[in-house]
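Protein chains: 2
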Amino acid sequence: MMSHPHITTAFDEELKYLTRRISEMGGQAEQMVADSVRALVNSDLALAQKVISDDAILDDAERQIGEKAIVTIAKRQPMAADLREIMGSIRIAADLERVGDLGKNTAKRVIAVAGSGIPRKLARGLEHLAELALIQLKEVLDVYASRSPEKANSIRERDEEIDAIYTSLFRELLTYMMEDPRNITPCTHLLFCAKNIERIGDHATNIAETIYYMATGAQPQGERPKDDMTSTLGSVTD
Amino acid sequence: MMSHPHITTAFDEELKYLTRRISEMGGQAEQMVADSVRALVNSDLALAQKVISDDAILDDAERQIGEKAIVTIAKRQPMAADLREIMGSIRIAADLERVGDLGKNTAKRVIAVAGSGIPRKLARGLEHLAELALIQLKEVLDVYASRSPEKANSIRERDEEIDAIYTSLFRELLTYMMEDPRNITPCTHLLFCAKNIERIGDHATNIAETIYYMATGAQPQGERPKDDMTSTLGSVTD
Numbered sequence: 003m004m005s006h007p008h009i010t011t012a013f014d015e016e017l018k019y020l021t022r023r024i025s026e027m028g029g030q031a032e033q034m035v036a037d038s039v040r041a042l043v044n045s046d047l048a049l050a051q052k053v054i055s056d057d058a059i060l061d062d063a064e065r066q067i068g069e070k071a072i073v074t075i076a077k078r079q080p081m082a083a084d085l086r087e088i089m090g091s092i093r094i095a096a097d098l099e100r101v102g103d104l105g106k107n108t109a110k111r112v113i114a115v116a117g118s119g120i121p122r123k124l125a126r127g128l129e130h131l132a133e134l135a136l137i138q139l140k141e142v143l144d145v146y147a148s149r150s151p152e153k154a155n156s157i158r159e160r161d162e163e164i165d166a167i168y169t170s171l172f173r174e175l176l177t178y179m180m181e182d183p184r185n186i187t188p189c190t191h192l193l194f195c196a197k198n199i200e201r202i203g204d205h206a207t208n209i210a211e212t213i214y215y216m217a218t219g220a221q222p223q224g225e226r227p228k229d230d231m232t233s234t235l236g237s238v239t240d
Numbered sequence: 003m004m005s006h007p008h009i010t011t012a013f014d015e016e017l018k019y020l021t022r023r024i025s026e027m028g029g030q031a032e033q034m035v036a037d038s039v040r041a042l043v044n045s046d047l048a049l050a051q052k053v054i055s056d057d058a059i060l061d062d063a064e065r066q067i068g069e070k071a072i073v074t075i076a077k078r079q080p081m082a083a084d085l086r087e088i089m090g091s092i093r094i095a096a097d098l099e100r101v102g103d104l105g106k107n108t109a110k111r112v113i114a115v116a117g118s119g120i121p122r123k124l125a126r127g128l129e130h131l132a133e134l135a136l137i138q139l140k141e142v143l144d145v146y147a148s149r150s151p152e153k154a155n156s157i158r159e160r161d162e163e164i165d166a167i168y169t170s171l172f173r174e175l176l177t178y179m180m181e182d183p184r185n186i187t188p189c190t191h192l193l194f195c196a197k198n199i200e201r202i203g204d205h206a207t208n209i210a211e212t213i214y215y216m217a218t219g220a221q222p223q224g225e226r227p228k229d230d231m232t233s234t235l236g237s238v239t240d
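Sequence lines, in order, name chains A and B. Positions in the first sequence are counted from 1; adding 2 to them yields this note's numbering. Positions in the second sequence are counted from 1; adding 2 to them yields this note's numbering.
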């Protein structure tokens with residue numbers, strides 16, 4: 003019995019370790035995404051290369067968090083909220099690793115687009131999309147620190163705004179492609195970049211749902227907002 | 003001590019449960035991908051709708067496998083190979099859930115493409131890509147049953163073939179878009195579909211790496227094959 007407070011403290015330290023590593027991952031993922039979009043609009047190949055190599059840091063972090071989480075579960079046999087806390091860490095780390103991948107995928111396309119130069123209006127559209135996705139990611143990481151289920155629920159609803167901007171960017175890119183066949187190849191790469199950024203919003207939504215689950219043990223109420231409406235778009239010239 | 007054989011048996015049952023559920027998920031994911039491509043090339047909206055609603059089954063399966071895995075770890079405190087076995091189940095279930103998502107994402111685009119009709123040559127290209135991705139997925143699920151690290155390593159190398167076909171399909175789609183602006187919107191959707199199928203190969207590669215890790219406790223040797231080479235393609239008309 004005497005050792006019980008000690009065990010609790012060690013367990014708390016392990017939870018704190020997981021929380022700290024996830025916050026770090028969140029900051030790194032944000033940075034990668036911001037850098038990838040900056041590299042894209044400025045045709046900055048060196049910055050793109052940095053994002054591509056930074057991805058390994060997030061991959062390692064996810065693996066380490068997962069292993070630490072599993073060892074903690076095996077050692078402490080936590081129940082209920084404590085167990086959900088650790089399971090949530092595994093899921094959030096996986097989502098952040100995916101966000102890093104999306105930044106890397108955007109960075110990989112910088113070289114293909116660099117030659118053509120991106121029209122000012124498109125660049126601003128991409129920057130705006132990334133800005134919203136990054137705000138959502140930042141907010142969800144703040145909610146992660148507070149563990150508030152109410153705040154987690156309100157972030158979920160934000161995803162629709164990102165999707166609306168993605169859809170208008172998608173239409174705009176198609177218009178450029180139709181105007182001049184020489185725009186087709188670079189705009190195709192930009193379409194994939196826009197899709198990468200839009201999907202960051204989905205991961206932020208996933209994380210918000212996981213935080214809700216960690217705090218309450220339940221899935222959030224209500225329908226999840228629709229993602230990417232462009233899949234049902236016919237020809238934009240109709 | 004008397005209860006020890008009983009505990010071992012119960013643990014074995016839990017591992018068998020995880021293995022069985024993952025094999026089921028694998029079969030469902032394969033079916034979803036095959037159906038989504040069939041729906042796409044035949045403009046079969048009803049089949050597309052079925053794929054979209056089937057996705058919930060894989061989402062639930064992943065959640066249930068994850069929860070069962072965590073409860074098993076907490077209850078049994080497995081070490082070494084047993085622990086890797088359970089951690090591997092969580093990872094493989096996550097990859098299969100993503101494969102289902104990719105099938106769903108393809109199915110969602112069926113309606114956008116249905117009006118235009120897909121040229122025979124493109125349809126065959128997509129079918130061929132899907133065929134290769136499904137062979138790879140099927141083989142990796144067979145290796146999962148055998149847990150052979152050697153076989154897991156040989157599957158990893160197969161991914162390059164899929165990437166080569168994806169790249170040629172990507173170029174072909176751009177050519178169609180350049181020939182006639184009316185092809186741009188449907189071909190854009192097909193580009194995303196091709197990308198969805200190509201990414202199935204990446205998940206099969208992930209699963210092969212996880213199986214290697216489960217069997218040996220190490221990451222596979224050698225560089226992971228490059229994914230998607232189209233990100234460095236400049237204009238295809240150059």
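Virtual Cβ for every residue (Gly too), placed ideally from N, Cα, C. As the structure is a computational prediction, the values presented were derived from the model and not from experiment.
Just the Cα atoms here: how many angstroms apart are residue i and residue j?
i, j, result
"B/A96", "A/L192", "28 Å"
"B/R173", "B/L17", "45 Å"
"A/R126", "B/C195", "27 Å"
"A/T169", "A/E163", "10 Å"
"A/G28", "A/Q66", "15 Å"
"A/S150", "B/I72", "24 Å"
"A/D46", "A/A135", "21 Å"
"A/A31", "B/D182", "40 Å"
"B/I120", "B/E159", "31 Å"
"B/M89", "B/N185", "46 Å"
"B/K153", "B/E87", "17 Å"
"A/Q51", "A/F13", "39 Å"
"B/V112", "A/L104", "24 Å"
"B/E69", "A/A220", "13 Å"
"B/N208", "B/A147", "16 Å"
"B/H130", "B/A41", "15 Å"
"B/A36", "A/K197", "24 Å"
"B/R22", "A/N44", "50 Å"
"B/A114", "B/P188", "7 Å"
"B/T74", "A/I167", "44 Å"
"B/R100", "B/K106", "10 Å"
"A/E15", "A/A76", "16 Å"
"A/S118", "B/E64", "43 Å"
"A/L171", "B/M179", "19 Å"
"B/Y215", "B/D204", "16 Å"
"B/A108", "B/L128", "Reading the sequence as shown, one finds Thr at residue 108 of chain B and not Ala. Going from the Cα of B/T108 to the Cα of B/L128 covers about 11 Å."
Suppose contacts are defined by Cβ-Cβ distances below 9 Å. Is residue i in contact with residue j by that definition?
i, j, result
"A/G102", "A/L49", "no"
"A/S1", "A/L20", "Look at the range of chain A in this structure, 3 to 240, and you will see that residue 1 of chain A is not part of it."
"A/I24", "A/L98", "yes"
"A/M34", "A/D62", "no"
"A/D84", "A/R93", "no"
"B/D161", "B/A206", "yes"
"A/I202", "A/Q138", "yes"
"A/A82", "A/I157", "no"
"A/I54", "A/K110", "yes"
"B/T190", "A/L124", "no"
"B/A132", "B/V39", "yes"
"A/P80", "A/N155", "no"
Between which two residues does the alpha helix (DSSP H) holding residue i run?
i, result
"A/M179", "161-181"
"A/S91", "82-110"
"A/D57", "47-78"
"A/R201", "186-218"
Run through DSSP, which three-state label would residue i get?
i, result
"A/F13", "helix"
"A/R149", "coil"
"B/G119", "coil"
"A/N44", "helix"
"A/Q221", "coil"
"B/T21", "helix"
Please list, in chain order, the chain E residues whose beta carbon lies closer than 7 Å to that of residue i.
i, result
"A/A96", "Although the question refers to chain E, the structure presented lacks it and instead comprises the protein chains A and B."
Worksheet entry | Members of the region 154-182 of chain A near chain B, C-beta cut-off 9 Å | F172, L175, L176, M179, M180, E181
Discussion item. Along the region 124-137 of chain B, where does the CB come closer than 7 Å to a CB of chain A? Name the residues.
Written reply: none
Fill in: Cβ-based contacts, 7 Å cut-off: residues of the region 202-217 of chain A near chain B
none
Practice prompt. Using a Cβ-Cβ cut-off of less than 9 Å, list which residues of the region 73-86 of chain B approach chain A; keep chain order.
Written response: V73, I75, A76, K77, R78, Q79, P80, M81, L85
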